[in-house]
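Chains as they are written, first to last, in the working numbering: chain L, 1 to 221; chain S, 222 to 448.
All residues carry an ideal CB built from backbone N, CA and C; glycine is no exception.
What follows is a set of notes on a single structure, which appears directly below.
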Amino acid sequence: MEQKLEIMARVAKIGPLGNLRGKVGEGVASKWRSLTVIKSLPAKRTKKQRKKRLSQQLSLPLVSGFLGKFVHEIKIGFDNRLSKLPAFQTAVKYNFDKALLGTFPQFSIDYKKVVFSLGDREIAWAGKVVEEGDGARISWEIPQTSKIKLVGEDIANLVIFNATKDLRPGCEWQVSTRADLSFYTRIQRDSWGDNLHFWLFFTSPDGKTRSNSQYMGSIGT
Amino acid sequence: MSKGSVTLKLFVMGINNGGPGGPSIGKNKNYVSYFRMGQYITRTIGEITSWTEPQYENQMRMGLTTAFLKPVKQFTDVGFRYCSKPKSTWGAYTMALSVNRKAITTGIYPNLDIDFSKAVLSMGDLPVPKNAEVNLTDSIIKFSWSAELEHAKADESDRVMCVAYFPENGQALTVLSGAKRTEEEQTIVLTSFTEEMVIETYICYISEDRKRVSNSVYTGQLLWSKS
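So this is what it looks like as structure tokens:
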């Protein structure tokens with residue numbers, strides 16, 4: 001079997017300056033399975049890159065980088081014990097297919113189609129977001145046909161994304177129940193006036209079932 | 222439904238009715254035997270990574286059908302509960318899937334689509350609602366029908382069950398115990414939409430003891446728009 005020659009050294013003791021990381025001359029130091037190792041620099045690529053691969057290298061980090069900000073929500077929303085993949089990978093796979101816009105080399109994310117949660121429970125019907133003071137008021141409806149005593153106690157999970165600064169503003173995200181029909185959330189000062197996107201999904205009080213997440217709308221520009 | 226690197230477990234099943242050594246339970250090489258829904262099952266364990274073209278077609282048909290049936294599962298669980306099924310191990314959902322899979326998927330692979338007018342959401346021996354109609358005014362869907370009490374199997378206490386299904390967001394509003402047959406009118410109040418919505422509607426009867434139902438009737442497509 002042909003094997004690639006790669007020289008690797010293990011750092012036996014961590015010095016007074018802390019952990020090694022990065023390039024040191026001809027080598028590069030990194031952490032690998034709790035060990036600090038120094039490897040030789042990889043050779044320069046000589047083959048021409050295919051467009052398909054370049055496209056993948058651009059689009060996949062876009063989706064996984066975006067979803068990476070919402071790991072806690074996705075752990076709840078895509079929790080499925082029957083699924084072979086972990087929750088986050090399932091979310092990346094789903095959103096890569098559904099929410100990616102554009103072609104190489106210009107990709108973007110369609111915020112209206114991003115999904116943070118998949119499940120059988122009733123969705124947040126007719127969701128709306130209105131700017132109000134230092135925050136936003138999120139409201140939804142319960143259809144006449146639903147059994148309010150069965151679904152009224154569901155916990156509302158809010159997801160906010162700041163598209164202007166590309167960050168997730170901190171907020172209280174499990175504050176309300178479905179029967180409240182609306183709630184007010186205060187927004188951090190550094191996100192005031194920015195373009196914010198809102199999603200909402202419900203989880204049952206015992207945490208076993210969840211609804212699909214719905215795009216509620218956006219505020220600011 | 223792409224030909225990606227999806228891996229699924231292979232379910233090749235056989236019914237194991239005992240044999241000389243009695244029924245076996247447990248694992249033997251790449252076979253596993255166990256008890257499921259009243260019968261002993263033996264199947265292989267393993268992974269399969271590629272399928273033939275007809276298998277892909279079947280997967281796509283199955284995907285379309287389950288996407289349609291999942292939001293109306295409450296309805297089909299009632300609608301198919303007491304209908305005759307080919308096997309005792311079939312539940313209501315299996316029956317609904319079996320009936321609808323061939324009926325509603327139209328077109329030639331890979332351009333398959335759903336024909337909502339052919340969907341069956343309940344099966345039974347009650348007479349179907351006669352002159353069933355549906356109207357949309359100011360976000361209220363109004364179902365109407367004629368009572369037709371002369372029919373031998375029709376009873377005054379029968380109620381209607383209605384469905385308003387939204388293909389856009391894959392959700393449905395269902396009424397499982399609606400107005401009585403004699404009232405001739407049932408409404409579903411829609412939530413406030415912001416974009417144009419297509420609504421597919423169905424109706425059927427159910428008896429007071431909830432054991433007998435009629436076949437479901439497709440009452441047509443409605444279009445909700447802002448104006």
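Neighbour flag for residue i against chain S, beta carbons, 8 Å
i	result
T203/L	no
Q56/L	no
Q89/L	no
D120/L	yes
A301/L	Since the displayed chain L opens at 1 and closes at 221, residue 301/L lies outside it and no answer follows.
W192/L	no
I14/L	no
I148/L	no
M1/L	Residue placement at M1/L is flagged as unreliable, the pLDDT there being 46, under the threshold of 50; the coordinate-derived value follows with that caveat. It does not; no Cβ of chain S falls within 8 Å.
T145/L	yes
E141/L	yes
A126/L	yes
H76/L	Note that residue 76/L corresponds to Ile in the displayed sequence, not to His. For I76/L, the answer is no, since every Cβ of chain S falls outside 8 Å of its Cβ.
Closer than 8 Å to chain L by CB, residue i
i	result
I213/S	The structure shown does not extend to residue 213/S, since chain S spans only 222 to 448, so no value can be given for it.
F301/S	no
M222/S	Because the pLDDT of M222/S is 45, which lies under 50, any placement of that residue in the model is unreliable, and the number read from its coordinates should be weighed accordingly. It does not; no Cβ of chain L falls within 8 Å.
S365/S	no
I409/S	yes
N434/S	Strictly speaking, residue 434/S in this sequence is Val, with Asn absent from that position. No, because no Cβ of chain L sits closer than 8 Å to the Cβ of V434/S.
T315/S	no
T273/S	no
S360/S	no
L285/S	no
L270/S	Correcting the residue type first, residue 270/S is Thr in the shown sequence and not Leu. No, because no Cβ of chain L sits closer than 8 Å to the Cβ of T270/S.
G401/S	The question names Gly, yet the displayed sequence has Lys at residue 401/S. By this cut-off, K401/S is not an interface position.
F414/S	yes
Q392/S	yes
K447/S	no
T297/S	no
Reduced DSSP secondary structure (H/G/I, E/B, other) of residue i
i	result
A313/S	helix
I325/S	helix
Q280/S	helix
G77/L	helix
Q89/L	helix
I123/L	coil
I266/S	coil
A136/L	strand
V95/L	Reading off the sequence, residue 95/L comes out as Asn, not Val. Helix, per DSSP.
I14/L	coil
H197/L	strand
L62/L	helix
A373/S	coil
L101/L	strand
S40/L	strand
D154/L	coil
V384/S	strand
Exposed unless 16 or more other CB atoms sit within 10 angstroms - verdict on residue i
i	result
F198/L	buried
Q214/L	buried
G391/S	exposed
T440/S	buried
E160/L	Per the sequence presented here, residue 160/L reads as Ile, with Glu not at that position. Buried, because 16 or more other Cβ atoms sit within 10 Å of the Cβ of I160/L.
A124/L	buried
E421/S	buried
I14/L	exposed
T164/L	exposed
M8/L	exposed
S108/L	exposed
L54/L	exposed
F70/L	buried
E122/L	buried
M1/L	Its pLDDT being 46, under 50, M1/L is placed unreliably by the model, and nothing is read from it.
E429/S	exposed
R402/S	buried
T221/L	exposed
S413/S	exposed
E73/L	buried
Whole-number beta carbon distance between residue j and residue i, since they are thought to touch under 8 Å
i	j	result
T310/S	M344/S	Going by Cβ atoms, the distance from T310/S to M344/S rounds to 18 Å, so no, they are not a contact pair.
A353/S	V438/S	5 Å
F88/L	S117/L	At roughly 13 Å, the Cβ-Cβ gap does not stay under 8 Å, so F88/L and S117/L are not in contact.
K39/L	V28/L	6 Å
V517/S	L444/S	Any question about residue 517/S goes unanswered here, given that chain S covers just 222 to 448.
Q188/L	G170/L	6 Å
A336/S	I325/S	Correcting the residue type first, residue 336/S is Asp in the shown sequence and not Ala. Yes, they are in contact, since the Cβ atoms of D336/S and I325/S sit about 5 Å apart, within 8 Å.
Three Cβ pairs or more, each shorter than 8 Å: is that satisfied between the region 316-329 of chain S and the region 406-418 of chain S?
no
Are the region 379-387 of chain S and the region 98-105 of chain L touching, with three or more C-beta to C-beta distances below 8 Å?
no
Pairing CB atoms from the region 292-310 of chain S with CB atoms from the region 268-276 of chain S, are three or more of them under 8 Å?
no
Would you be able to state if there are at least three C-beta pairs under 8 Å between the region 49-66 of chain L and the region 28-38 of chain L?
No: fewer than three Cβ pairs fall under 8 Å.
Would you call the region 246-256 of chain S and the region 272-287 of chain S in contact, with 3 or more CB pairs under 8 Å?
no
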